[in-house]
Structure formats: C-alpha cells, structure tokens
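Colleague: Structure provided below as structure tokens; questions to follow.
Residue numbers (mature numbering (1 follows the signal peptide of the UniProt record, and there is no 0)): -33 to -1, 1 to 270.
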C-alpha cells in the first residue's frame, strides 16, 4: 500500500512537471512568432528591419492612386482574426481585394518588400489575380512619424507597385538579446531572450526535480535495506558530497596560495626598503668618518 501511494505521488508529479514544460514551450513559441513576424533578421542574427510600428492597432494606410482612378488601403503584418483583405482597392462605387495573403516583410536583392497576392480576378484575364508590391526605401526625414506609401506604377489595373519612404527601412543592425536604445527592436529582442531563458529554466527545473524526487522516493521505498536515513536518501548523495568537499578544498587551496603570494610580495618590498635604509645609514656613517680623518691629518685647524 505504501509503495503504491509513493508511486502515485511520483507519477502525478511527473505529469504535472511535463505539462508545465509543454505549456512554457508553447507560450515561448507563440511569443517568438508574434514578435518575429514583422521583423527581418540578417544572417548574423541581427535585426535589420522592424516594421511592427506600422502594424500597431491593425492600422490601415490609405493611398490615393491619382491618375489611375483608384484609392487603396494597405495593412502591414495584420494579426487580426477577421477574414478581410490585407490590401483593398476602390474605384468609384466598385471595390475589391488586392490580396488576402502576404503582408509580411522580406528581402529580395537587398530590397525590403511587402507583397500582397491572391486578390480579385484581373479585368480581361480571369486566370490572373490582382496583386500589389510595396518597396520600402530608407528615408530619415519624412512627413508624419513613419511616412506614407505612394503608388508609382500599375499594369492593366491588375498589378500595382507602391513605394514607401520611411525611417523604418533604414538598417538598424541590432542584435537580438542585446540592450540598445529601447526601441521596438530592443523590446522584441528582450521578449525573445526572456522566452528562451524561461524555457531553459523550466526544463532544468523539471529535470532536477524529477531526479531529486525520483531518487529520494526510490531510496525511501524500494531501497530500505541500504539503511539510508535523512539527507542520505537523496540520489547519489555521496557523489555530490564528494564534489562539494573537493570544490571546498580547491577554493581553500587557491585562497591559501593567493595569501602566500601576497605575503611574498610584501616581504620583497619590505626587504627592498630595509636595504635602501641600511645603505643610506652606511653612507652617512662612512662620510662623517672620512671628514673627521681628513680634519685630523691637516697641520692647521679649519675655520
């Protein structure tokens, strides 16, 4: 009965710890996806571009097509659950979709782009769908906070090309996990670093808990003949105690060696000071003796 009770406790503890690990890993992956879907990373792991400020509150950007007769609405990195186009067009009373897929930044030939695909059927070409491409250009000084997209080209009212001059298209070069100026890239880096660190901590905690709890219950229930009592029931107690004693002796030896080196250094400095003082005293004694000898040898007294 006792063995069954301890076995049930161990089983429930393991299941709870595994569930905690699975939950932590899932949350970390979700946080990583939310933080990274609007960020472009370089090969070295640095954040090259961060367009998340354009996606705050699912903001929509209106573009006047001017001579084309169209007006457009664009959304960047939309995370909403609503099933609506990421890019829309309107011409008079007619409206439609430029794309229901895409809207994420990517690099093509060192150009920062956002593409919208799978829009409405193109006029006169039922096998083609409307699409749009936004090219981001680095511009430090723009109107507003992040600039505004502009239509620069269109093809048969089917494909549309936009240009967006914004400071966000300038390479930031910030590394993930390193604190910087406190901007959006740094916040994403902190979030990713914290998620990975929490997962590692939970895994280490779970493994350590299973090791200690499982070994303790085994020694207490199944290994009664060993005669272990108290703290000795912990798994591999003698091994870990040996490591502790060895580490303690090593620290004491290092401290003793450092103390000896300090004493030797101080002794050498003291000996140098004593030799210098003795040398000065000898010079004074011999100099005064030499002066007296010269005075006695003169046939007349010095005045």
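Positions of the beta carbon are idealized from the N, C-alpha and C atoms, including for glycine.
Examine the Cβ distances between the stretch 94 to 102 and the stretch 113 to 133 and report whether three or more of them are shorter than 8 Å.
Modeller: Touching, yes, given that three or more Cβ pairs across the two stretches are closer than 8 Å.
Colleague: Does the beta-carbon of residue 15 have 16 or more other beta-carbons within 10 angstroms, so that it is buried, or is it exposed?
Modeller: Within the chain shown, the letter at position 48 stands for residue 15. The residue in question, residue 15, is buried, as its Cβ has 16 or more Cβ neighbours within 10 Å.
Colleague: In this structure, does DSSP put residue 74 in helix, strand or coil?
Modeller: The residue given as residue 74 occupies position 107 in the chain shown. Note: residue 74 maps to strand in three-state DSSP.
Colleague: Can you grab the Cα-Cα spacing for the pair residue 110 / residue 116, in whole Å?
Modeller: For the purposes of this step, residue 110 is taken as residue 143 along the chain shown, with counting starting at 1. For the purposes of this step, residue 116 is taken as residue 149 along the chain shown, with counting starting at 1. Taking the straight line from one Cα to the other gives about 11 Å.
Colleague: Comparing alpha-carbon positions, which option in 36, 40, 23 lies nearest residue 29?
Modeller: Translated into positions along the chain shown, residue 29 becomes position 62. The shortest Cα separation from residue 29 among 36, 40, 23 belongs to 40.
Colleague: Given a threshold of 16 other Cβ atoms within 10 Å of its Cβ, counted over all protein chains shown, does residue 83 qualify as buried or as exposed?
Modeller: To locate residue 83, count along the chain shown from 1; it is residue 116. Buried.
Colleague: For residue 103, which of helix, strand or coil comes out of DSSP?
Modeller: As a working mapping, residue 103 is identified with position 136 in the chain shown. The answer is strand: DSSP assigns residue 103 an E or B state.
Colleague: For residue 42, which residues from the same chain have a beta carbon less than 8 Å from its beta carbon, with the 5 sequence-adjacent residues on both sides left out?
Modeller: Locating residue 42 in the chain shown gives position 75, counting from the first residue. For residue 42, where only same-chain residues beyond five positions count, the Cβ hits under 8 Å are 22, 25, 26, 27, 28, 53, 54, 70.
Colleague: Am I right that residue 284 and residue 85 are in contact with their C-beta atoms under 8 Å? What's the rounded C-beta distance?
Modeller: Look at the range of the chain in this structure, -33 to 270, and you will see that residue 284 is not part of it.
Colleague: Which residues in the same chain as residue 35 place their Cβ atom closer than 7 Å to its Cβ, once the five residues preceding and following it in sequence are excluded?
Modeller: In the chain shown, the residue the question calls residue 35 occupies position 68. Excluding sequence neighbours, residue 35 sits near 118, 121.
Colleague: In three-state DSSP terms, what is residue 210?
Modeller: On the chain shown, residue 210 is found 243 positions in, with the first residue counted as 1. Reduced to three states, the DSSP call for residue 210 is helix.
Colleague: Under 8 Å by Cβ, that's how I've got residue 72 and residue 106 pegged, so tell me the actual separation to the nearest angstrom.
Modeller: Here residue 72 refers to the residue found at position 105 when the chain shown is read from its first residue. Here residue 106 refers to the residue found at position 139 when the chain shown is read from its first residue. Incorrect: roughly 16 Å between the Cβ atoms, too far for contact.
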